[in-house]
Amino acid sequence: LVVIVGYTLNIRDSIMGLTILAVGSSIEEIFSAIVMTRRGHPEMAIAGSIGSNVFDILMGLGIPWLFRNLMRFTYQPPPPLLHDAVLNTLTSGSSMENSLTIPSTNAPFYVEIHSRGLIYSTIVLFVALIIFLVTFFINRCRLTKLYGVFLIIIWLTVITLMCLFELNVFGSVHHEPCQNRPSSAV
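Going by UniProt numbering, 152 is the number at position 152 of the sequence shown; the sequence numbering is gapless.
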């Protein structure tokens, strides 16, 4: 549904993911925080919100990238089988050049990401995380209204910067979406 709405309104998938899907994935966190606060444990709600976001940033990005890089350096595609090429040539009558298939480097475990802005978004995300942790400890782990406003400003800055990266405002860091739109909607 989000992709359809984004396609209809001509909004990129990456922008929809940064905004709508991010909010949608936090709904259950909001409800659990409300329940914990009403039961008299607001500190658990705050700890859950902070902890889950820090965990998502560090582990949600770190572990997949670790596995991706481990697979990238340990996976070696098998060499082409010359005898298969010879058999295909003999049976089909075609030239040997057409029947020899060399495995591509993007075989089974390769992950391709079509956004050069990802590195910039990741840097912004980690800088925001460091700013949050440093200011949280400077504030002696107390959450005040002023600190809440500060965090909202940081969040808006991060979302704005990430959207601007994806919209190529700072240079060409993201491929343009496909411009072929169907002539009539079904």
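Backbone N, C-alpha and C fix where the C-beta goes; we use that ideal spot for every residue, glycine too.
Please read these numbers as outputs of a predicted model, since none were measured by experiment.
Supposed close pair residue i, residue j - CB separation, criterion 8 Å
{"i": "L125", "j": "V158", "result": "7 Å"}
{"i": "D13", "j": "V23", "result": "Contact doesn't hold; Cβ gap of about 15 Å is too wide."}
Distance, residue j Cα to residue i Cα
{"i": "residue 200", "j": "M71", "result": "The structure shown does not extend to residue 200, since the chain spans only 1 to 186, so no value can be given for it."}
{"i": "R39", "j": "S32", "result": "11 Å"}
{"i": "I46", "j": "T135", "result": "16 Å"}
{"i": "L164", "j": "R68", "result": "27 Å"}
{"i": "I153", "j": "T160", "result": "10 Å"}
{"i": "G6", "j": "M16", "result": "7 Å"}
{"i": "R142", "j": "T37", "result": "16 Å"}
{"i": "I138", "j": "I50", "result": "16 Å"}
{"i": "R140", "j": "I34", "result": "24 Å"}
{"i": "W155", "j": "S25", "result": "16 Å"}
{"i": "E43", "j": "I27", "result": "19 Å"}
{"i": "T19", "j": "T8", "result": "16 Å"}
{"i": "G148", "j": "I63", "result": "30 Å"}
When the options are compared against residue i, the one with the closest alpha-carbon
{"i": "L133", "options": "R38, I119, F150", "result": "F150"}
{"i": "G48", "options": "V35, E29, I63", "result": "E29"}
{"i": "T122", "options": "I20, T8, M162", "result": "M162"}
{"i": "I119", "options": "L61, I138, W155, R142", "result": "L61"}
{"i": "N10", "options": "Y147, G148, L167", "result": "L167"}
(request) Spell out a yes or no on whether the region 118–132 and the region 38–57 are touching, meaning 3 or more CB-CB pairs, one atom from each, closer than 8 Å. (result) yes
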